[in-house]
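Just so you know, the protein sequences line up as chains A and B, in that order.
The first sequence begins at 1 in my numbering and counts up by one.
The second sequence begins at 319 in my numbering and counts up by one.
Virtual Cβ for every residue (Gly too), placed ideally from N, Cα, C.
Quick caveat, the model's predicted, so the values are computed rather than measured.
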Amino acid sequence: MSVLVFADSTDGKFKKTSFEVVSYGKKVAEQLAINLVVLTINASDASELYKYGAEKVVAVSNDALLTFNAKEYAAVIVQVAQKENATVVVVDSSINGLYLSPLVAVSLDAGYASNTVSAPSSTNPFTVKRKAFSNKAFSNTVISSENKVIGLAKNSFGIHENPVSGVLESFDVQVAVSGVKSEKVERVTGKVTIADADTVVSAGRGMKGPENWGMIEELADVLGAATACSKPVSDLGWRPHGEHVGQTGKPVASNLYIAIGISGAIQHLAGINASKVKVVINTDPEAPFFKAADYGVIGDAFEVIPALIEKLKAFKEA
Amino acid sequence: MKILVCVSHVPDTTSKINFTNNDAEFDKTGVQFVINPYDEFCLTRAMWFKEKQGATVTVVNVGGAETEPTLRKALAIGADDAIRINVAAKDGFLVAKELAAVVKAGGYDLVLAGKESADYNGQMVPGMLASLVAYNFINGCVDLEVEDTNVAVKREIDGGNETISTSLPLVIGGQKGIVEEKDLRIPNMRGIMMARKKPMQVLEGSGALAATNSISFEKLAPKGAVKLVAADNLDALIDLLHNEAKVI
């Protein structure tokens, strides 16, 4: 028996979440006293994963799998799970991870615990803690099936180094017939995405109009951050929908979330409260966000932000 | 084209979340229930196919009688008929299996479901359902066009979107973008009156089993008070973020 982790990569390169799922898989394998096996698809240097405890890496290289396809990728995971006799499969909670995991669960007839935030509190019954009610609560969930799929929430378990001398095995797979064809991928280049960002700078209606976003982008640049916005701002068309964070928008689980001119409606807070440290900048001391934040500045964004940019630049140079 | 829209009955997004029975159950006291917002986007897109392309639209929900107002609301918005599968929605796998039985029996061409529900946020039902009935599947769909059996879709990816071609039969996990917020419809009086007369079929479940079980809930740990920094002392903020929070 084994724990199988899928370590996803983009253009051959691992994401931070890949190291987090491997760290998590290592922990679960230890708890169950079984082996850890990590699967990579077209990764350029799978040995990077040894550092996080991957004692065995099954590396699949196949030109038919260069573009993500949920059904094809799920079929690869299932083939490796069967070959390795895996009883637990761990996948990240990226957009692609969330797309393929339910397909893996059906193929393996496995209970699927998405949005898992912790190592099992018990392995018998197998119990994990999951986010629920749009980040307003947690659910302790027992997976009762023999096979189990765990979707690990981003930035929940953390990356833990655990160096091992791993072995690498290449494996040939059957590529499934998917019925779904990728025609075109459009992606903003040269910009940090909300999903990958350690820091997110987010702004709301307090910015008064789209013409004032220059300072938000500059602050994000200085911090190496992604930009985001509140729902009213995207509904008004000031910013693209892809930047809307909150309950019906994108979830944020960054290390640092800076909210500027956002009052902090319950739906907004639900979407961002998985972030570790929250800073609010708002003129209104009664804004609900101050109750949810770690650090706050009561002040006018139009004065605070330019000053903060200058001070951060000086800090970065020092 | 026969369309099935899966609608969940969920607490309104502004609801305060509390638990009862030793934190084993969600406390419904004083909670307003609504159509899951992600499903509402899908239902609205289905209405467009009904009006422009002559599709028929059935709505379905897995749940007890208390979920019927949500199905009636979907009928008032314009769905033709409703199915309620009279089973407690214990987990996503169970829900997907019950829905799969309905999809197979009804021979639907297009199944639309929100990519997640606002209560358990499992994000698994559409994908599981597609797998169980062997339909094509697109998740995180933000644009959907159907011409005969050819389908052009866009799905959201990190930092952009992907244009995809596929074909019916198809399951869609939808989200905002499949229609815009402004396109959402509020039922009018005529719709509400008509909805009362539209068929609502109640099916007993197929006896599918859940594979997971939520044994208890926890609220978020109480938050410490915010540390306020004066607007003219931003060095203090940088110091706190660097030395205390260690995030810059």
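Could you tell me the distance, in whole angstroms, from the CA atom of residue i to the CA atom of residue j?
i: residue 187 of chain A; j: residue 2 of chain A; result: 36 Å
i: residue 265 of chain A; j: residue 288 of chain A; result: 7 Å
i: residue 47 of chain A; j: residue 96 of chain A; result: 23 Å
i: residue 543 of chain B; j: residue 261 of chain A; result: 20 Å
i: residue 7 of chain A; j: residue 250 of chain A; result: 22 Å
i: residue 548 of chain B; j: residue 554 of chain B; result: 8 Å
i: residue 308 of chain A; j: residue 199 of chain A; result: 15 Å
i: residue 241 of chain A; j: residue 234 of chain A; result: 5 Å
i: residue 537 of chain B; j: residue 71 of chain A; result: 36 Å
i: residue 174 of chain A; j: residue 76 of chain A; result: 7 Å
i: residue 411 of chain B; j: residue 227 of chain A; result: 36 Å
i: residue 215 of chain A; j: residue 245 of chain A; result: 19 Å
i: residue 183 of chain A; j: residue 480 of chain B; result: 7 Å
i: residue 334 of chain B; j: residue 349 of chain B; result: 8 Å
i: residue 373 of chain B; j: residue 416 of chain B; result: 23 Å
i: residue 365 of chain B; j: residue 397 of chain B; result: 7 Å
i: residue 370 of chain B; j: residue 430 of chain B; result: 17 Å
i: residue 407 of chain B; j: residue 328 of chain B; result: 12 Å
i: residue 185 of chain A; j: residue 473 of chain B; result: 10 Å
i: residue 248 of chain A; j: residue 165 of chain A; result: 44 Å
i: residue 358 of chain B; j: residue 325 of chain B; result: 8 Å
With DSSP as the reference, label residue i as helix, strand or coil.
i: residue 468 of chain B; result: strand
i: residue 453 of chain B; result: coil
i: residue 486 of chain B; result: coil
i: residue 204 of chain A; result: coil
i: residue 391 of chain B; result: helix
i: residue 96 of chain A; result: helix
i: residue 319 of chain B; result: coil
i: residue 126 of chain A; result: strand
i: residue 463 of chain B; result: strand
i: residue 416 of chain B; result: helix
i: residue 24 of chain A; result: helix
i: residue 31 of chain A; result: helix
i: residue 176 of chain A; result: coil
Determine the chain B residues that contact residue i at a beta-carbon separation under 9 Å, and present them in chain order.
i: residue 70 of chain A; result: 445, 455, 456, 457
i: residue 187 of chain A; result: 475, 476, 477, 478, 479, 480
i: residue 95 of chain A; result: 457, 458, 473, 474, 475, 476
Kindly list, in the order they appear in chain A, the residues whose Cβ is closer than 7 Å to that of residue i.
i: residue 439 of chain B; result: 115, 131, 132, 134
i: residue 553 of chain B; result: 311
Applying the criterion that 16 or more other CB atoms from any shown protein chain within 10 Å of the CB defines a buried residue, is residue i buried or exposed?
i: residue 122 of chain A; result: exposed
i: residue 89 of chain A; result: buried
i: residue 236 of chain A; result: exposed
i: residue 435 of chain B; result: buried
i: residue 504 of chain B; result: exposed
i: residue 317 of chain A; result: exposed
i: residue 471 of chain B; result: buried
i: residue 98 of chain A; result: buried
i: residue 527 of chain B; result: exposed
i: residue 402 of chain B; result: buried
i: residue 533 of chain B; result: exposed
i: residue 203 of chain A; result: buried
i: residue 147 of chain A; result: buried
i: residue 425 of chain B; result: exposed
i: residue 284 of chain A; result: exposed
Looking at the unbroken beta strand (DSSP E) that takes in residue i, where does it start and where does it end?
i: residue 182 of chain A; result: 181-187
i: residue 278 of chain A; result: 277-282
i: residue 50 of chain A; result: Careful: residue 50 of chain A lies outside any beta strand (DSSP E) and carries neither H nor E.
i: residue 6 of chain A; result: 2-6
i: residue 401 of chain B; result: 399-403
Following the continuous alpha helix (DSSP H) through residue i, name the residue where it begins and the one where it ends.
i: residue 507 of chain B; result: 507-515
i: residue 298 of chain B; result: Any property of residue 298 of chain B remains undetermined from this structure, which presents chain B solely from 319 to 566.
i: residue 214 of chain A; result: 214-223
i: residue 268 of chain A; result: 266-272
i: residue 73 of chain A; result: 70-83
i: residue 148 of chain A; result: First-last for residue 148 of chain A: 148-152, but that is the beta strand (DSSP E), not the alpha helix (DSSP H).
i: residue 556 of chain B; result: 552-557
i: residue 233 of chain A; result: 231-235
i: residue 291 of chain A; result: 289-292
For residue i, return the contacting residues in chain B, with the cut-off set at a CB-CB distance below 7 Å.
i: residue 32 of chain A; result: Within 7 Å Cβ-Cβ: nothing; residue 32 of chain A doesn't reach chain B, min ~18 Å.
i: residue 196 of chain A; result: 476
i: residue 138 of chain A; result: 535, 536
Residue i versus chain E: which residues are under 8 Å apart at the beta carbon?
i: residue 442 of chain B; result: In the structure shown, chain E cannot be found, because the protein chains are A and B.
Name the chain A residues whose beta carbon is nearer than 9 Å to that of residue i?
i: residue 332 of chain B; result: 265, 266, 267
i: residue 484 of chain B; result: 178, 179, 180, 181
i: residue 465 of chain B; result: Within chain A, no residue comes near residue 465 of chain B; the closest Cβ sits about 15 Å away, beyond 9 Å.
Can you find a heavy atom of the ligand MG that lies under 8 Å from the Cβ of residue i?
i: residue 448 of chain B; result: You won't find the ligand MG in this model; it holds no ligand whatsoever.
At a CB-CB cut-off below 8 Å, which residues of chain A make contact with residue i?
i: residue 545 of chain B; result: 294, 295, 296
List, in order along the chain, the chain B residues whose C-beta lies closer than 8 Å to that of residue i?
i: residue 255 of chain A; result: 565
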